[in-house]
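Same order as they appear, the protein sequences are chains Y and X.
Take 0 as the starting number for the first sequence in numbering that gives the first Met the number 0 and just add one per residue.
Take 0 as the starting number for the second sequence in numbering that gives the first Met the number 0 and just add one per residue.
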Amino acid sequence: MLKEGSANINLAKSDSIVIIVDASQSAQEYWEEILNITLPLLENLPADVERQLYFLSNAKKYNGSRLSYESKVWQKENILRGSFITPIFEKLLKEDISKILVIGSGKIFDLEDWQESRLIDKLILINMGESSLQGEESFTQELRKPVPSDLLSILHSPIKEVEIKGEGFMPYFWDNAGYKLIFKDGNAILKGSELEDFSLSIAFFGERVKAKIVRDDGSEEISVESSDIEIMEQEWMPLTMEEAKVFQDAIKNKNLNCPICKKEHKPQTLICTSGEGILGRCVYPSLEDKTGFVIFKELPEGIVFKHHHVKVIRVKEGLVAIVTGTKADIYEYDHTPRKWIKKERIKQYYLLEDNEYLVVI
Amino acid sequence: MIKFTLDKTGFPLIVSKEIGVAFHLIPITKVQFEEFISETNKYGDEWYETILSINPRVSYKLFDIENYEHIFITGILPEEALEFAKWLGKGFDLPTVKEWRQIYLLLQSLSPLPLSYNYNILSYKADKILKKLNKLFEKNLNMTLMEEGIVEWVRQEKEYIGLGAPRDSFLPNAWNPLKDEVRPINIKERLKYFGFRLVRRL
């Protein structure tokens, strides 16, 4: 049985950066150099980059905009706390951080305690003195006296592209219109490029689904774990009485009376070409501006419709319909080649589960 | 039934009404003392580098039977241990000679300490350390480092002396902590085998 799930994927385009300034005894000799790289960095980070300022060994957050005024006081406040990363890392464990920068000199005594933590992958050490911040070890990247502009480009690397894929992966709902389905040789990828916002909610078939996040300075993969989130689809809207009649005639395969030209059309006609314009108009005026999948449903109070605004729709377990132009095809997942295989061309007013009817406009 | 409580660093103490104290299950570790240093802004890198030159640090995640003594804070002077006690909270103190020996005898008399149900409430670091010690040692006296641990500062009236019986690889000795007392020649000298655990009097 192919797994099914839904998830929220939160991907801020902009970074969230933590800067930890080393005001300890071992860095005292290089305090001017440390300030001289930290102050321009704080000033020149783009406004949309979230930044937090800490001092080594101190879990209290400081206001970066006050650093130049308060540097002497803050140095004194932190000079005898030793060189420990744990107070800050314990706090950051619960946060979603892009990068952590420690600017200082001299060994951080407890860095070895964090060598298997995911925070180490985000850590960059900036050595402004002579003694390494990691002693004889090499847990993470350490730069020696970089120029501020180089540091800026290392720190701020916005997302360029995101690709979501997995075993048997097939999305059938997503709420970020910037993402496009790439379907080739029975495999599906959902891809977003050059978007303002890469976050999305998604419903899908598939297992071991991952999102590959590509930035200027490299890429990373995150697992997409199903979390039973509520997918906020479009609301059901009512058809007019005239449109309801069109629907009822269509599902009985009868000729229909067109609300547009008032003439009779063949059964299941969706576009009236009798009027103005070469493209014609939809026989359901309520769907005038819609393309792709529309679902109809009969309720005691009348006929309602819902526009499914992405090109893939779930038909039932292991079965989807995918739009190409004004047509759609049914695909079924085949476990043996592990691909989605085309089954048939969808006929209009295709019957889904729960007595819902699917058309392609 | 053995009753436990926690200090503010999330490390456990056993509560003994008979002795009239809650006492630390193991000597004070470097990670606990580091929390103290980072909060109080009084000691600094140079001080700690001196301590580490006497007894080097090993990560609490990586220690084993060869080097477990390195996770404890040693080279400490009595007044520094008492500063730590004050920071830890009201009522914390170094044990007296009598209290330490009573703790020793109590632990010797108990069947293996039922620590497993307490792991959920300990701090992450305490949990890691105790699980490892529990794996390395079967006997309570070893697991709690009252034997084959370090020498621990205790009060003897107005003086401070040491009790303990480290293993030979850490410090060759033939001490019986129930009879012998370790008296440093110079109370101001930092000795690699001197650490401490604390009590809180009930």
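Idealized CB from N, CA, C, for every residue including glycine.
For clarity, every value in this text was computed on a predicted model and none was experimentally measured.
Where residue i falls, given that 16 or more other Cβ within 10 Å makes a residue buried
i: W235(Y); result: exposed
i: Y349(Y); result: buried
i: Y116(X); result: Unreliable positioning characterises Y116(X) in this predicted model, as indicated by a pLDDT of 48, which lies under 50. A coordinate reading is not provided.
i: P258(Y); result: buried
i: I181(Y); result: exposed
i: V72(Y); result: exposed
i: Y123(X); result: exposed
i: Q133(Y); result: buried
i: Q24(Y); result: buried
i: T335(Y); result: exposed
i: P94(X); result: buried
i: L135(X); result: exposed
i: A46(Y); result: exposed
i: V358(Y); result: buried
i: T28(X); result: buried
i: P26(X); result: buried
i: V150(X); result: buried
Residues that residue i bridges to, as DSSP identifies them
i: T95(X); result: R154(X)
i: H334(Y); result: Answer by DSSP bridge pairing: none, since H334(Y) is not bridged.
i: V20(X); result: S15(X), R200(X)
i: Q51(Y); result: V17(Y)
i: M236(Y); result: F304(Y)
i: F182(Y); result: A187(Y)
i: N7(Y); result: S200(Y)
i: K98(Y); result: I16(Y)
i: A320(Y); result: I312(Y), I329(Y)
i: W173(Y); result: I201(Y)
i: G167(Y); result: Paired residue(s): none; G167(Y) is not in a bridge.
i: E297(Y); result: I302(Y)
DSSP state of residue i mapped onto helix, strand, coil
i: N185(X); result: coil
i: V72(Y); result: helix
i: M142(X); result: helix
i: L1(Y); result: coil
i: F169(X); result: coil
i: I340(Y); result: strand
i: T28(X); result: strand
i: R214(Y); result: strand
i: E129(Y); result: coil
i: L5(X); result: strand
i: W174(X); result: coil
i: L121(X); result: coil
i: R313(Y); result: strand
i: N354(Y); result: helix
i: Y116(X); result: Residue placement at Y116(X) is poorly supported in this model, since its pLDDT is 48, which falls under 50; the coordinates still yield a value, given next. Here Y116(X) sits in helix by DSSP.
i: L194(Y); result: coil
i: I75(X); result: coil
i: K261(Y); result: coil
i: L142(Y); result: strand
i: K289(Y); result: coil
i: N57(Y); result: strand
i: S148(Y); result: helix
i: I387(Y); result: As displayed, chain Y neither begins before 0 nor continues past 360, which places residue 387(Y) out of reach and without an answer.
i: F193(X); result: strand
i: E206(Y); result: strand
i: K121(Y); result: coil
Contact belief for residue i with residue j at Cβ below 8 angstroms, rounded distance in angstroms
i: S156(Y); j: E141(Y); result: Not confirmed; about 19 angstroms, so no contact.
i: F304(Y); j: V293(Y); result: 6 angstroms
i: T73(X); j: I102(X); result: Actually they do not touch by this definition, with Cβ atoms about 19 angstroms apart.
i: I123(Y); j: I18(Y); result: Between I18(Y) and I123(Y) the Cβ distance is about 10 angstroms, and since that is not below 8 angstroms, they are no contact.
i: V96(X); j: L162(X); result: 7 angstroms
i: I1(X); j: L112(X); result: 7 angstroms
i: R199(X); j: V20(X); result: 6 angstroms
i: L55(Y); j: S82(Y); result: 6 angstroms
i: E263(Y); j: N254(Y); result: 5 angstroms
i: E355(Y); j: K296(Y); result: 5 angstroms
i: P170(Y); j: A202(Y); result: 7 angstroms
Where residue i meets chain Y, residues with beta-carbon distance less than 9 angstroms
i: R56(X); result: F108, D109, E111
i: Y67(X); result: Here the premise fails: no neighbours, minimum Cβ distance about 16 angstroms.
Contact set between residue i and chain Y, taken where Cβ atoms lie within less than 7 angstroms
i: E45(X); result: Q24
i: K202(X); result: Outside the displayed range of chain X (0 to 201) lies residue 202(X), so it cannot be described from this structure.
i: K60(X); result: D112
Chain C residues whose Cβ lies nearer than 7 angstroms to that of residue i
i: R80(Y); result: In the structure shown, chain C does not exist; the protein chains are Y and X.
Partner residues on chain Y for residue i, Cβ-Cβ distance less than 8 angstroms
i: E33(X); result: G81, F83, T85, F108, D109
Neighbouring residues, chain X, relative to residue i (Cβ below 7 angstroms)
i: E94(Y); result: Residues of chain X passing the Cβ test: none, with the nearest at roughly 17 angstroms.
i: S56(Y); result: S37
Residues that residue i contacts on chain X, provided the C-beta gap is smaller than 8 angstroms
i: G76(Y); result: Per the sequence presented here, residue 76(Y) reads as Glu, with Gly not at that position. Near E76(Y) (Cβ distances below 8 angstroms), the residues of chain X are N40.
i: G105(Y); result: D44
Closer than 8 angstroms: residue i CB and nearest the ligand PLP heavy atom
i: Y61(Y); result: The ligand PLP is not among the ligands present in this structure, which contains no ligands whatsoever.
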